[in-house]
Amino acid sequence: MEKAEKRCEKLKNVSFRNLNFASELPNDQFDLIVISEVAYYLSPEDWEIAILNLLNILSLHGQVILVHWLPKVHDYPQTGDEVHDTFRNLMSEKMKNIFCDRKENYRIDLWEKLISE
-5 MEKAEKRCEK LKNVSFRNLN FASELPNDQF DLIVISEVAY YLSPEDWEIA
45 ILNLLNILSL HGQVILVHWL PKVHDYPQTG DEVHDTFRNL MSEKMKNIFC
95 DRKENYRIDL WEKLISE
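Going by the working numbering, the letters in the sequence shown line up with residues -5 to 111, in that order.
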């Protein structure tokens, strides 16, 4: 994270935080949240809690990008597909999937927050 902070030190609108994703989301608004190679370490229950909390910290038209390895890993509570499918199941009425790409070993999904009515 130090390298990323150094590289972006002149970008005043960019910040980095190391938090417990399921329980320590910041009380702030974000335009982009990147969830890459981490969500399959969470239990399915913690992942659902984190997903439901994400909507509250996304700005209008805020985006969430999910990037995960797909092959099953014995020590991980979830697979990459389970992570992405759970997100889709919980957020498909609140967010729009605007990009998706799947390769043999990874999956990328980009979601955008829908305007509240």
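Heads up, the beta-carbon is just placed ideally off N, CA and C, and yes, glycines get one too.
- Counting of Cβ neighbours within 10 angstroms places MET85 among the buried residues, the total reaching 16 or more.
- Short of 7 Å from the beta carbon of LEU48, and not among the five residues preceding or following it, lie these beta carbons of its own chain, in chain order: ILE27, VAL58.
- Boundaries of the alpha helix (DSSP H) harbouring ASN83: 74 to 85, taken from the DSSP string.
- Residue pairing by DSSP places ASN91 opposite TRP105 in a beta bridge.
- Given a length threshold of 3 residues, each whole run of the beta strand (DSSP E) inside the stretch 14 to 74 is given here in chain order: 24 to 30, 52 to 63.
- Annotation: the continuous alpha helix (DSSP H) that includes GLU(-1) extends over -4 to 1.
- Residue nearest to LEU46 within the set GLN72, ARG11, SER30, ASN83 is ASN83 (criterion: CA-CA distance).
- Excluding sequence positions up to five before and after LYS88, its CB lies within less than 8 Å of the CB of LEU49, LYS107, LEU108, all in the same chain and listed in chain order.
- When DSSP states are grouped into helix, strand and coil, ARG96 belongs to the strand group.
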